[in-house]
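Numbering (the working numbering), first residue to last: 113 to 435. The beta-carbon is built from N, C-alpha and C at its ideal position, and this holds for glycine as well. What follows is a single structure, written as structure tokens, with notes after it.
In structure tokens, the structure reads:
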């Protein structure tokens with residue numbers, strides 16, 4: 113799914129840079145009309161552990177800065193590694209981090225080519241949320257799982273510069289500020305939907321299947337039908353939401369599904385298509401929502417990847433968390 117990240121290399125300041133390539137559909141989804149999908153580049157096939165040479169290269173970097181403040185990096189340029197690599201900078205002193213939990217973290221990204229800073233969530237005061245699961249580089253799991261809130265890590269990723277097309281290594285330094293366990297599916301009171309809408313059935317895990325009624329025509333206005341009413345706080349349009357979702361065209365083609373990837377995702381409601389912002393704001397955490405989105409509130413005349421131009425979209429979204 114295309115979501116939440118900024119354009120170009122600035123996206124590497126965010127959690128999307130830490131997610132394995134291939135974890136998101138190239139066809140788009142709820143996402144940001146201006147951003148790239150959260151692929152993490154060419155290191156996805158690397159072994160689960162960082163190579164000794166790459167670890168030594170990371171250990172040669174000087175990281176300075178007080179806990180809670182943005183750190184600075186000093187290193188010889190150009191900085192290069194052979195594959196994705198990560199090292200832990202400290203253990204942290206807060207709650208222990210376990211696989212499957214959601215962390216909140218601050219990140220700053222730097223170019224290995226010239227040392228320039230590409231972006232920082234410390235500067236924007238917008239920490240990111242990330243689910244600690246197998247969608248991440250395994251090298252990251254090695255340095256996060258079992259650590260505690262307050263831990264810092266350093267991650268290096270060889271990739272291709274999105275502007276020049278040249279090989280480059282990006283460096284991301286991160287500090288975990290919070291950890292929490294979130295539900296795996298929507299939970300609450302079932303709501304009887306209006307007649308004539310696409311129907312949704314759930315398997316034992318909560319994964320939805322969507323059936324489009326024969327002859328169904330997309331409405332002219334957004335439909336946001338609550339299917340399960342959660343008892344959490346009301347979602348506002350300025351929040352970052354963690355959700356499981358499935359997206360479908362009216363011909364029944366599923367173009368994106370976090371369920372198929374095996375992990376929910378987090379995204380800002382300020383950086384997704386308008387149908388998501390308008391349809392999820394005002395819902396409650398824990399809810400499941402059916403969205404039928406007119407083309408003009410989706411990807412419009414330009415389409416996106418496997419989504420044709422002027423396509424209405426159907427989504428089922430489980431709202432698991434909002435911050």
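Problem - Rounded distance between the beta-carbons of residue 163 and residue 194, thought under 8 Å - result: 6 Å
Practice task
Output yes or no for whether 8 Å exceeds the beta carbon distance between residue 435 and residue 348.
Solution key: no
Problem - Run of the beta strand (DSSP E) containing residue 290, from where it starts to where it stops - result: 279-292
Problem - Straight-line gap, residue 169 to residue 424 (C-alpha atoms, nearest Å) - result: 49 Å
Exercise for the section: Tell me whether residue 184 is buried or exposed, calling it buried when 16 or more other Cβ atoms sit within 10 Å of its Cβ. Expected result: exposed
Practice task
Could you tell me which of 428, 398, 378 and 420 sits nearest to residue 240, measuring between CA atoms?
Solution key: 378
Exercise for the section: For the segment 334-348 and the segment 396-407, state whether three or more C-beta atom pairs, one from each stretch, are separated by less than 8 Å. Expected result: yes
Problem - CB contact flag (residue 266, residue 222, <8 Å) - result: no
Practice task
Return the chain-ordered list of same chain residues with a C-beta closer than 7 Å to the C-beta of residue 125, the five sequence neighbours on each side being excluded.
Solution key: Low confidence applies to residue 125: its pLDDT is 39, below 50, so where it sits in the model is not reliable, and the reading given next is rough at best. Cβ neighbours of residue 125 beyond the five flanking positions: 219, 220, 221, 230, 231, 232 and 233.
Problem - Rounded separation between residue 393 and residue 384 - CA only - result: CA-to-CA, the gap between residue 393 and residue 384 works out to about 12 Å.
Problem - Own chain residues within Cβ distance below 6 Å of residue 318, not counting five before or after - result: Same-chain partners within the cutoff: 297.
Exercise for the section: Keeping to the same chain, check which residues put their C-beta closer than 6 Å to that of residue 227; ignore five residues upstream and five downstream. Expected result: 189
Practice task
Go to residue 401, then tell me how far its beta strand (DSSP E) extends in each direction, as first and last residue.
Solution key: 400-405
Practice task
Please confirm if the segment 253-264 is in contact with the segment 203-218, defined as three or more CB-CB distances below 8 Å between the two stretches.
Solution key: Yes, the segment 253-264 is in contact with the segment 203-218.
Handout entry: Exposed unless 16 or more other CB atoms sit within 10 angstroms - verdict on residue 310
Key = buried
Practice task
Classify residue 426 as buried or exposed, calling it buried when 16 or more other Cβ atoms lie within 10 Å of its own Cβ.
Solution key: Buried is the call here.
Practice task
Return the bridge partner residues of residue 335 from the DSSP annotation.
Solution key: 404
Exercise for the section: Spell out a yes or no on whether the segment 165-181 and the segment 314-328 are touching, meaning 3 or more CB-CB pairs, one atom from each, closer than 8 Å. Expected result: No, they do not touch.
Handout entry: Own chain partners of residue 345 with C-beta closer than 8 Å, once the 5 adjacent residues on each side are dropped
Key = The answer, listed in chain order, is 396, 397 and 434.
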